[in-house]
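Visitor: Here the protein sequences come in this chain order: R and U.
Residue numbers are given in our numbering: position 121 of the first sequence equals residue 123, and the series is strictly consecutive.
Residue numbers are given in our numbering: position 97 of the second sequence equals residue 1089, and the series is strictly consecutive.
The structure under discussion is supplied below as structure tokens; questions concerning it will follow.
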Amino acid sequence: MKIALAIHGGCGVMPENSMTPEEWAGARRDLGAALRAGYALLKTGGSAVDAVEAAVVVMEDSPHFNAGHGAALNENGAHELDASIMDGATLEAGAISASHAIRNPVKAARLLMEDGRAVYITGPAADRFAEEKGLPVEPQSYFTTQKRVDALQAMKRHAAAGTEGTENEKHG
Amino acid sequence: TVGAVALDAAGHLAAATSTGGYTNKPDGRVGDSPVIGAGTYARDGVCAVSGTGKGEFFIRYVVGHEIASRMAYLKQDIAVATDGLINHDLAPHQIGAGLVALDAQGIVAAPYNTPGMFRGWVTPEGKAFVATHEEVYEVEL
């Protein structure tokens, strides 16, 4: 049987002069690491569910993408994290949203899928579920990068002035 | 937003998506990423999909499930089905949107209507590539 894997780290990526060469290189490096994490499992007989979880965890841990560490800030300057996972073999799925603390939201989604009592839980209940399952939780500061702080401040300035922000601010 | 789709050696498909939403999003806003059928969907024998972009539209168009339906019922291939959603249905709303998808044979589609999209894929032959814009880089596995 064939195996295959594809990933994305978000759209809305701006022209190539919008980030430093080091930032582009870092993003490409972490995309490669995500592919390796997922593909290593597929190549050794791991399931597609294992592979997508492993690939997403790498990108959640990277500051270059809008998920986990490096996630966008909402209007209150808080991180609210959403994630889901679905198994095409069984149509089982798990999803969480509005998490303030789960280090790797996709892991919580996977555990919820396997738990089976619900497909989707949100807010403080999602954070409690993750903690009860032994997943690492973090303070909000763990998820924050200076890039996201700057983007939120710029959007607030544009909103106050009634001017258009950049795509980098609009997208994560 | 980040996401992944995979086909394993047993022929099973899966999809996953994770996100922080977007900068300055309303307090309590939930996008498409955790909405099964919208930002994330997988069905064996058909496709696996993970989306990125303005989630409200992914929810309204039920993008993941819509792609699977076009493939299953209209017999569209994955390139046609995904292009139809991203570049025909969503593009007129002038919203940024993209996705990665795999069909049951491991064929990858990664359309987007923004200037770029962080993406990567491994072909069934075992070659790996990453890209941000048009230029594609082969990477070691």
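Glycine residues also receive a C-beta, built at the ideal position from the N, C-alpha and C atoms.
1) Residues of chain U with CB under 7 Å from R/E116, in chain order?
2) What residues in its chain sit with their C-beta under 7 Å from that of U/D1081, if we drop five residues either side in the sequence?
3) Tell me the DSSP secondary structure of R/I5 in three-state form.
4) Using 10 angstroms around the beta-carbon of U/P1026, count the other beta-carbons present and answer buried if the total reaches 16, otherwise exposed.
5) Does R/R130 pass the burial test, meaning 16 or more other C-beta atoms within 10 Å, or should it be called exposed?
6) Whose C-beta lies closer than 6 Å to the C-beta of R/A29 among residues of the same chain, with five residues either side of it excluded?
7) Using Cβ-Cβ distances below 8 Å, what residues of the segment 1016 to 1031 of chain U are close to chain R?
8) Would the beta-carbon of R/P141 be found less than 7 Å away from any heavy atom of the ligand ATP?
9) Using a Cβ-Cβ distance cut-off of 8 Å, determine whether U/G1045 contacts chain R.
10) Going along the chain, which unbroken runs of the beta strand (DSSP E) with 3 or more residues stay wholly within the segment 64 to 110 of chain R?
11) Taking only the alpha-carbon atoms, compute the straight-line gap between R/A156 and R/G11 and give it to the nearest angstrom.
12) Counting only Cβ-Cβ distances shorter than 9 Å, please list the residues of the segment 140 to 163 of chain R near chain U, keeping chain order.
13) Just how far apart, CA to CA, sit U/V1128 and R/R119?
14) Quick check: the Cα distance between R/S101 and R/K158, rounded to an integer number of angstroms?
15) With C-beta atoms as the reference, is U/V997 less than 8 Å away from U/L1094?
16) So, under 8 Å CB-CB, U/G1108 and U/T1124 are touching, yes? Tell me the CB distance rounded to an integer number of Å.
17) How close, in whole Å, do the beta carbons of U/R1111 and R/I9 come, if the pair is a contact with beta carbons under 8 Å?
18) For U/D1036, does the count of other Cβ atoms within 10 angstroms reach 16, so buried, or fall short, so exposed?
19) Using 8 Å as the limit for Cβ to Cβ distance, is U/T993 near chain R?
Guide: Well, looking at it:
1) Those within 7 Å of R/E116 in chain U number zero; the least Cβ separation is about 13 Å.
2) Y1053
3) coil
4) buried
5) exposed
6) H66
7) N1016, K1017, P1018, D1019, G1020, R1021, V1022, G1023, S1025, P1026, V1027, I1028, G1031
8) Looking at this structure, you won't find the ligand ATP or any other ligand, since it has none at all.
9) yes
10) 83 to 89, 94 to 101
11) 22 Å
12) F145, R150, A153, L154, A156, M157, K158, A161
13) 43 Å
14) 23 Å
15) yes
16) 5 Å
17) 7 Å
18) buried
19) yes
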